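Peer 1: If you use the working numbering, the first sequence corresponds to residues 19 to 596, in order.
Idealized CB from N, CA, C, for every residue including glycine.
Here the structure is a predicted model, which means the values were calculated and not measured.
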Amino acid sequence: MRIEPFLDAIAAAAIHDALDVEAPAILRPTSDATHGDYQVNGVLGLAKRLKQNPRELAAKVAERLAAHEAIASAEVAGPGFVNLRLDDAWLGRVLGDALVDRDRDGVPAVETPETIVVDFSSPNIAKQMHVGHLRSTILGDAISRTLRFVGHEVIGDNHLGDWGTQFGLLIVGMREWGSDEALAQDPIVELERVYKLASARAGEDEAFAASARAELAKLQAGDGENHALWQRFVDVSKSSLNLVYDRLGVTFDEWLGESAYNDRLAGVVELLREKGIAREDEGAICVFFGELEGVDPKLAKQKVPFIVQKGDGAFLYSTTDIATVLYRRDRWEADRAIYVVDKRQAGHFAQLFEVMRLLGVEMKLEHVGFGMVLGDDGKPKKTRDASGKVETLASLLDEAEVRAEAKMLEEPLALDPEVARSLRASVGIGAVKYADLMQNRTSDYTFAWDKLIAFTGNAGPYIQYMHARCCSVLRKSEQDRDALTGPITLEHDAERALARQLLKLADAIHAAAEASNPHYIAGHLYELAARVSVFWEHCPILDVAAPLRESRLALADLSRRQLARGLNLLGIDAPDRM
RNA sequence: GCGCCCGUAGCUCAGCCGGAUAGAGCGGCGGCCUUCUAAGCCGAUGGUCACAGGUUCGAAUCCUGUCGGGCGCGCCA
């Protein structure tokens, strides 16, 4: 169950019954546990509205609330807050229900499932992924997993940059310098090498540049030979990209790159002209928002147009993006599409979404932006190291694993080398992901190895470790987990605190899904892990007698499952032993 | 010129659907390992929430302005 909506409804009903008025309850968790578990703040505003004494009104509401089975006490405090304490027996029963719900751990699905396209990662073909692709890939994957878990139909789409001017250069370049062997060996490295050569030559050799443009034109006109070459570039690139995605545990439902929309682009421009949304200017076809009726005034003020066709007749990513929205609507009847893309592109998406609105598209379009990755110097992290070598995402993951393994071998952990090796990928890559996902995505993100591969405090390995400890106790108990059905009794403060945190899982996941904010899940996991740790410290499990032993094992099992569930939604491994 | 984002503890950041003495991690200080994993736990310390006005019973949170930092804006994606 979702505790906050549940209590909010109870509180709103109590206000209605006690005072015979409709008013929002404004239910919030308390900031301080000494005030109870939750508080109702709505009476304050209501008293103002009714011109009555807030404490007197609050007293009437509190009386109603105290009668509810979920609530142990409801007390008026301060100027008119109503502080609620949850009833431990009720809480134990609710957690017992979650315990036997092995599929969903008590997390309800959304009432109205939608079909949602999540557009993320989207690297360019023929180039290695670098640190700039990290956030979109990690965030997009976590968001997809979360939306799917809460019951939506999710289509994860890798909108590859697989079409554009670079292919003319690649085609002539491969003919000039390409090696089939190298292409088979390490495709992206070979394509990058050739591209660099071709690009340099084109800069100083006009004839070469012209032949590249000619090959591109042939490709775009459907030339068979060039198309086959391009297809080969795409295929080998995909297999290289998949090596990285496999390590990250990221999958897609579709890989519909820009090229998938080629044959629709002319139609898009035609449609826009027909509808009077776009017109010709200086040879290009543009949308001028200032000239159209009923446009968002912020956009209308912008002088710069949204260009959908260049003066030379070529289409742009704007055109492709429009075609893509139309396709997603028609192909999947998608209700929503969310774009997990660098927030610097907010302007582009504002324009795109406005064009779609002008076209009468009712699909909900949402730009889920994120901040830049900064280096130690506070400036955007370079994709090359000091020596000018490209720092690829693959090399970054290598380093994460190496550092994680080294740290596990050092004091104070000093793990067995075998164990450290077996954990290096889960811990190293998990740490990198967690460091990113724990932070509000809209903030810029400072990339620092010692922060990323931290094993203490609010870090991925700490969460994984607490999960492994739960597994360990459950193993040692030799308890049949399916026989753990509650009831859960809450006597020790550490048990009560843990139980209250366990109750928040559903709210955390739903809030994360609604706002595309995985850090809400990370926050819940950290709070949970910390409380599990305190529980561990104060509440022996294996050495106590039944039924307390079973109750505590149930808490451990529920904790273990929530930690694993949350880590899974973030795309992070949860090893059983560490 | 137009538009967007940000300024919270020494550092990295939560909080910003308005609510009680502003939180966490890291670093630093002091404790805790014959007991289910010390990757841990407990305690103390640390902040004019950039600044100035305003709205409100109540503002880190909403509004206006100022200062400081960042970003985006015609034929790249």
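Identify every residue that forms a DSSP beta bridge with Ala355.
Peer 2: DSSP, once it has assigned bridges, lists Val135 and Leu383 as partnering Ala355.
Peer 1: Can you find the residues in the same chain that come closer than 7 Å, C-beta to C-beta, to Ala422, ignoring five residues on each side of it along the sequence?
Peer 2: The residues are Arg442, Val445, Gly446, Ala449 and Ile471.
Peer 1: Taking DSSP as the reference, what is the three-state secondary structure of Glu300?
Peer 2: Residue state, collapsed to three classes: coil.
Peer 1: Counting C-beta neighbours from all protein chains within 10 Å, is the total for Arg595 16 or more, i.e. buried, or is it exposed?
Peer 2: Arg595 comes out exposed.
Peer 1: Between which two residues does the alpha helix (DSSP H) harbouring Gln184 extend?
Peer 2: Its alpha helix (DSSP H) spans residues Gln184 to Trp195.
Peer 1: Between the region 107-115 and the region 508-522, do at least 3 Cβ pairs fall closer than 8 Å?
Peer 2: Segments in contact, yes.
Peer 1: Quick check on the DSSP output: the alpha helix (DSSP H) that includes Phe251 runs from which residue to which?
Peer 2: Unbroken alpha helix (DSSP H) run through Phe251: Gly242 to Leu266.
Peer 1: Is the region 480-491 in contact with the region 543-553, if contact means three or more CB pairs nearer than 8 Å?
Peer 2: At 8 Å Cβ cutoff, the stretches touch.
Peer 1: So Val391 and Val149 are in contact, right, with Cβ under 8 Å, and what is the actual spacing, rounded?
Peer 2: So it is a contact: roughly 6 Å between Cβ atoms.
Peer 1: Determine whether the beta carbon atoms of Tyr279 and Ala341 lie at a separation below 7 Å.
Peer 2: Cβ distance < 7 Å, so Tyr279 and Ala341 count as in contact.
Peer 1: Considering Cα atoms alone, identify which of Val437, Ala540, Gly124 and Ala318 is closest to Met456.
Peer 2: It is Ala540.
Peer 1: Please classify Val58: does DSSP put it in a helix, a strand, or coil?
Peer 2: Here Val58 sits in strand by DSSP.
Peer 1: At the level of alpha carbons, what is the spacing between Asn458 and Val386?
Peer 2: If I take the Cα positions, the gap works out to 12 Å.
Peer 1: With a threshold of 7 Å on Cβ separation, who are the neighbours of Met484 within its own chain once the five nearest residues in sequence on each side are excluded?
Peer 2: Correct list, in chain order: Ala547, Val550, Ser551 and Leu581.
Peer 1: Beta-carbon within less than 8 Å of Gly96's beta-carbon, same chain only, minus the 5 sequence neighbours each way: which residues are those?
Peer 2: Around Gly96: no qualifying Cβ.
Peer 1: Have a look at Trp467, Asp434 and Glu210 and flag the residue whose alpha-carbon is nearest the alpha-carbon of Gly419.
Peer 2: Reading the sequence as shown, one finds Glu at residue 419 and not Gly. For Glu419, the nearest C-alpha among the options comes from Trp467.
Peer 1: CA-CA distance, Val125 and Arg163?
Peer 2: C-alpha separation (whole angstroms): 14 Å.
Peer 1: Pull up the DSSP beta-bridge partners for Gly174, would you.
Peer 2: Answer is Val136, bridged to Gly174.
Peer 1: In the DSSP assignment, what are the bridge partners of Tyr463?
Peer 2: The partner list for Tyr463 (beta bridge, DSSP) reads Val391.
Peer 1: Which of the three DSSP states is assigned to Pro126 in this structure?
Peer 2: It is coil, neither helix nor strand.
Peer 1: Whole-angstrom Cβ separation of Met381 and Ala352, contact assumed at under 8 Å?
Peer 2: Indeed they touch by this definition, with Cβ atoms about 6 Å apart.
Peer 1: Answer with buried or exposed for His170, where buried requires no fewer than 16 other C-beta atoms within 10 angstroms of its C-beta.
Peer 2: By the 10 Å Cβ count, His170 comes out buried.
Peer 1: What number of angstroms, rounded off, separates the C-alpha of Gly393 from the C-alpha of Glu199?
Peer 2: Roughly 36 Å separates the two Cα atoms.
Peer 1: Hey, how far is the Cα of Gly98 from the Cα of Pro42?
Peer 2: Roughly 15 Å separates the two Cα atoms.
Peer 1: Cα separation between Ala76 and Arg265?
Peer 2: Whole-angstrom Cα-Cα distance: 55 Å.
Peer 1: Write down the C-beta distance between Leu576 and Leu117 rounded to the nearest angstrom, noting that I regard them as a contact closer than 8 Å.
Peer 2: Rounded, the Cβ-Cβ distance is 6 Å, consistent with contact.
Peer 1: How many Å lie between Glu597 and Ala404 at the Cα?
Peer 2: Lying before the first or after the last residue shown, residue 597 is absent from the chain, which here runs from 19 to 596.
Peer 1: If you drop the 5 nearest sequence neighbours on each side, which residues of the same chain put their C-beta closer than 7 Å to that of Asp14?
Peer 2: The shown model of the chain, from 19 to 596, leaves out residue 14, and the question about it has no answer.
Peer 1: Near Asp159, which residues of its chain fall below 6 Å by C-beta distance, leaving aside the five closest residues on each side in sequence?
Peer 2: Taken in chain order, the residues that qualify are Val268 and Gly589.
Peer 1: What distance in whole Å lies between the Cβ atoms of Arg82 and Ala36, which are believed to be in contact at a cut-off of 8 Å?
Peer 2: Indeed, because the Cβ distance is near 5 Å, the residues count as touching under 8 Å.
Peer 1: Can you tell me the Cα-Cα spacing of Leu283 and Glu276, whole angstroms?
Peer 2: Those two C-alpha atoms are separated by around 10 Å.
Peer 1: I'd like the span of the beta strand (DSSP E) that includes Ile506, first residue to last.
Peer 2: Per DSSP, Ile506 belongs to no beta strand (DSSP E) and is neither H nor E.
Peer 1: In three-state terms, what does DSSP make of Val39?
Peer 2: Here Val39 sits in coil by DSSP.
Peer 1: Can you say whether Asn535 is buried or exposed, counting buried as having 16 or more other CB atoms within 10 angstroms of its CB?
Peer 2: Under this definition Asn535 is a buried residue.
Peer 1: On the premise that Val326 lies in contact with Leu334, defined as a C-beta separation below 8 Å, what is that separation, rounded to the nearest angstrom?
Peer 2: The Cβ separation is near 7 Å, so the contact holds.
Peer 1: Applying the 10 Å Cβ sphere with the 16-neighbour rule, what's the burial state of Lys145?
Peer 2: Buried.
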